[in-house]
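Here's the structure, in structure tokens; my notes come after.
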Amino acid sequence: MSNLPILQFEDKILATVHENPVVVIIGETGSGKSTQLSQILLRNGYTNSGIIAVTQPRRVAAVSVSRRVAQELDVRLGDEVGYAIRFEDRTSERTRIKYLTDGVLLRESLSDPELKQYSVIILDEAHERSLNTDILMGLMKRLIKLRASNLKVLITSATLDGEKVSDFFSECPILNVPGKLFPVEILYSAEQPKSYIESSLRKAIDIHVNEPEGDILIFMTGQDDIEKLVSRLEEKIQSLEAGSCMDAVVLPLHGSLPPEMQIRVFSPPPKDCRRIIVATNIAETSLTVDGVVYVIDSGYVKQRQYNPSTGMYSLDVVEISRVQANQRAGRAGRTRPGKCYRLYPLAVYQDNLLEATVPEIQRSSLAGSVLYLKSLDLPDIDILKFDFLDAPSSESLQDALKQLFLIDAIDENGTITNIGKTMAELPLEPSLARTLIEANKYDCLPQALTVAAMLSVEGTLLPGRSKHTDKKRKQPPSELPDGSGWGDHIQLLQIYELWDQTDYSTDWVKDNNLQVRGMLFVKNVRKQLCQIMQKFAKGSLDVRRKERRRDRQNDYKNLRKSLCVGYASQLAERMIRHNGYRTVGFKSQLVQVHPSSVLRTDDEGVYPNYVVYHELISTSHPYMRNVCEVEMEWVTPILQKLEKLNVKILSGGSNQPEEITENSDVPKKDVKTAAPADDAKSRIQAARERFLARKGNK
DNA sequence: CAGTCGCGG
1 MSNLPILQFE DKILATVHEN PVVVIIGETG SGKSTQLSQI LLRNGYTNSG
51 IIAVTQPRRV AAVSVSRRVA QELDVRLGDE VGYAIRFEDR TSERTRIKYL
101 TDGVLLRESL SDPELKQYSV IILDEAHERS LNTDILMGLM KRLIKLRASN
151 LKVLITSATL DGEKVSDFFS ECPILNVPGK LFPVEILYSA EQPKSYIESS
201 LRKAIDIHVN EPEGDILIFM TGQDDIEKLV SRLEEKIQSL EAGSCMDAVV
251 LPLHGSLPPE MQIRVFSPPP KDCRRIIVAT NIAETSLTVD GVVYVIDSGY
301 VKQRQYNPST GMYSLDVVEI SRVQANQRAG RAGRTRPGKC YRLYPLAVYQ
351 DNLLEATVPE IQRSSLAGSV LYLKSLDLPD IDILKFDFLD APSSESLQDA
401 LKQLFLIDAI DENGTITNIG KTMAELPLEP SLARTLIEAN KYDCLPQALT
451 VAAMLSVEGT LLPGRSKHTD KKRKQPPSEL PDGSGWGDHI QLLQIYELWD
501 QTDYSTDWVK DNNLQVRGML FVKNVRKQLC QIMQKFAKGS LDVRRKERRR
551 DRQNDYKNLR KSLCVGYASQ LAERMIRHNG YRTVGFKSQL VQVHPSSVLR
601 TDDEGVYPNY VVYHELISTS HPYMRNVCEV EMEWVTPILQ KLEKLNVKIL
651 SGGSNQPEEI TENSDVPKKD VKTAAPADDA KSRIQAARER FLARKGNK
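According to the UniProt record's numbering, the first sequence is numbered sequentially starting from 1.
Next comes the structure, spelled out in structure tokens:
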């Protein structure tokens, strides 16, 4: 522990921090920056007037790093050293070093914009460019001006591109701290493989037969490919078994794997047995597998992106960035020198790959983030000119503003409303936050809370094992309710209410093919939302009311009405002659109800005239996922508001609102550095086309 | 009929 590279730089770090409000620290994996920086500052008096905050993009990291620091300082976790993540605050009045997720620090700045309790704020792993860390960097830039005398900000990153961050913070100093990685030899393929599954298979077997011991980590794009490759590998290894080489065990590793299967990669392998781990990018940063000496890198990753001009998400396989490629290679050098086999040529690495992954802020819907920034009520803030490290496109910001206007979170001038302020307090997407507020008016807040909590969790419903469900066809073991035909939101409500009636039985969850972890998370979210809504609520927030014979259809009607208000910007109208829909409000999109929906048709096989949807996702077709029937009379006011929006679009709260029509090209002149975002977007598109072209060739 | 990489409040 004591010979961590960073400790040799202690004096240099202290001197630099002493003289500068912001310092960038570049430290590779193994430099000890996450555990040592806070301790160095603690030792040198930086906690005399406040707490040291260290943010992490992931909860597990916040917990595990704080645990290690507490150990090293020989204190109890929660005393001098603690952590705070959603649902769990292990800090006390004695806490001097506090590890927290970037999301939690953002929440804190809502109630205290100057973050006065902190004397030092360290944004760790900033190179990952998580949405929340990016917003925090923007806020820090303002904050250091306000608190020049008593706040130090440190930004740490594992990559070498500290210049950009330094430029952002008015040329602040950059300190480099070496890491403790072993050298990794990089080997390239002569050409792009036709199939990276086949190519990975051959390479893995080649390593297994010819190279000395050491585990193999293979990066694939998704569950499907992983399962295919795992079974091909197992076949092949069995056919090899002639005593010519050691045994091998093949382990899949991805996010939708149940936790007990994920843990398998942390238990040591049987003796004289090589492990071959086939993983998604979960093994890139989130999970570290010890014992890996060989990495096989397909060069691809699956990425979700948002298109602000259509309001649609898509999940695309795209080329990784050079930073990502190097991160993957580094996984081979944690315990001893290793090798990384890239299944693409050096020229592709040099010429085709982006330098860094497009930051999340340029790939997400920004309605929630924009509302959050508006709610901070910072003086002279214009969202369209907010100083981001990498600005999102103006189109994306306009999209967010339009959405917020339609659900009454901001007014025509772009000023946040009282409704908007309440919404910002809720850890929910704006549409669901708005739904809760409306539901309170119509006496169905308990039901809306349940729906919002259910939608906060992906993957509560069965993962859909096709092999199992195929036999049982129409009736999977589930006797789950069907939403009474109204749609998926109502079904989610009914499912949770049933679970509530079993007194939250785990067996019931399993019997119905739901995920235990997911449902427990829903319960936690619901509890948290209740606590926040308590002060506004008109009545009890219990899941089911005690009164006898409540009129459920009436509850559903009120809930649907509330959803219609919350989802005003996610409304679709059925085609006159068939069951397709067109979205209303944005550049109109032709979409279909997702086949998994429980929305029912009428006796003539016709879907409702109007629905609201939770999400547009483009897979094999453009689909609406999670839809709910709404009534014409509730839709009319939305259409009227859209008329207004089409004529006049709000700017960011400055005094010069722009006049543009919905379909005109969005002016970009007012947005600083809009170009890089658009450039990145087109490069993602180009990368995707290259991928599809190659796929089509095989 | 479709099927989702990974994070966060």
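Cβ atoms here follow ideal geometry from the backbone N, Cα and C, with glycine treated the same way. No experiment lies behind these values; they were computed from the predicted model shown.
C-alpha distance - residue i paired with residue j, whole-angstrom precision
i           : j      : result
Gln39       : Ser66  : 11 Å
Lys641      : Arg582 : 18 Å
Asn609      : Lys561 : 15 Å
Arg58       : Asp603 : 49 Å
Ile155      : His254 : 30 Å
Gln71       : Gln36  : 12 Å
Thr335      : Val184 : 11 Å
Leu343      : Ile495 : 46 Å
Thr450      : Glu633 : 25 Å
residue 700 : Leu559 : In the structure as shown, the chain begins at 1 and stops at 698. Residue 700 is therefore absent and cannot be evaluated.
Ile277      : Asp290 : 11 Å
Thr55       : Asp555 : 42 Å
Thr288      : Glu260 : 16 Å
Leu100      : Thr29  : 20 Å
CB of residue i within 8 Å of CB of residue j, strictly
i      : j      : result
Gly214 : Tyr118 : no
Tyr443 : Lys557 : Sequence inspection shows Asp at residue 443; the Tyr mentioned does not correspond to that position. Not a contact, by the Cβ cut-off of 8 Å.
Met137 : Leu389 : yes
Ala347 : Leu371 : no
Ser588 : Pro345 : no
Tyr607 : Arg577 : no
Leu181 : Gly32  : no
Asp488 : Val635 : no
Ala325 : Leu353 : yes
Glu360 : Ser618 : no
Exposure label - residue i; buried when at least 16 CB within 10 Å
i           : result
Glu88       : exposed
Pro252      : buried
Arg331      : buried
Lys402      : buried
residue 710 : The requested residue 710 does not occur in the structure, where the chain is confined to residues 1 to 698.
Met423      : buried
Lys152      : buried
Lys374      : buried
Cys172      : buried
Glu355      : exposed
Gly45       : exposed
Pro379      : exposed
residue 759 : The question about residue 759 has no answer, for the chain in this structure spans 1 to 698.
Own chain partners of residue i with C-beta closer than 7 Å, once the 5 adjacent residues on each side are dropped
i      : result
Arg600 : Gly485
Glu80  : Leu73, Arg94, Thr95, Arg96 and Ile97
Leu139 : Ser109
Val317 : Thr221, Tyr300, Lys302 and Phe691
Tyr306 : Tyr313, Arg363, Ser364 and Ser365
Lys236 : Leu201 and Ile205
Glu227 : Pro252
Gly368 : Glu429 and Pro430
Residue of the options minimising C-alpha distance to residue i
i      : options                           : result
Thr417 : Pro427, Gln262 and Phe405         : Phe405
Glu191 : Leu106, Thr502, Leu498 and Ser298 : Ser298
Glu198 : Val230, Leu77, Gln592 and Lys180  : Val230
Leu233 : Pro258, Ser267, Lys271 and Arg275 : Arg275
Leu7   : Thr335, Val153 and Pro178         : Pro178
Arg434 : Asp482, Gly483, Phe521 and Met533 : Met533
Gly585 : Leu571, Pro345, Lys180 and Gly32  : Leu571
Tyr349 : Val323, Leu373, Leu480 and Glu360 : Val323
Ile85  : Val60, Leu77, Arg68 and Val69     : Val60
Leu563 : Glu438, Gly518, Val75 and Val69   : Glu438
Leu529 : Thr357, Met246, Gly27 and Gln447  : Gln447
Residues near residue i in its chain [Cβ-Cβ closer than 6 Å; skip 5 each side]
i      : result
Ser596 : none
Gly82  : Arg90, Thr91, Thr95 and Lys98
Tyr341 : Leu187, Lys203 and Ile296
Thr280 : His254
Pro308 : Glu395, Ser396 and Asp399
Leu106 : Asn132
Thr159 : His127 and Val323
Glu125 : Pro57
Ser267 : none
Close beta carbons around residue i, own chain, < 8 Å, minus the five adjacent residues each side
i      : result
Glu497 : Thr450, Val543 and Arg544
Lys527 : none
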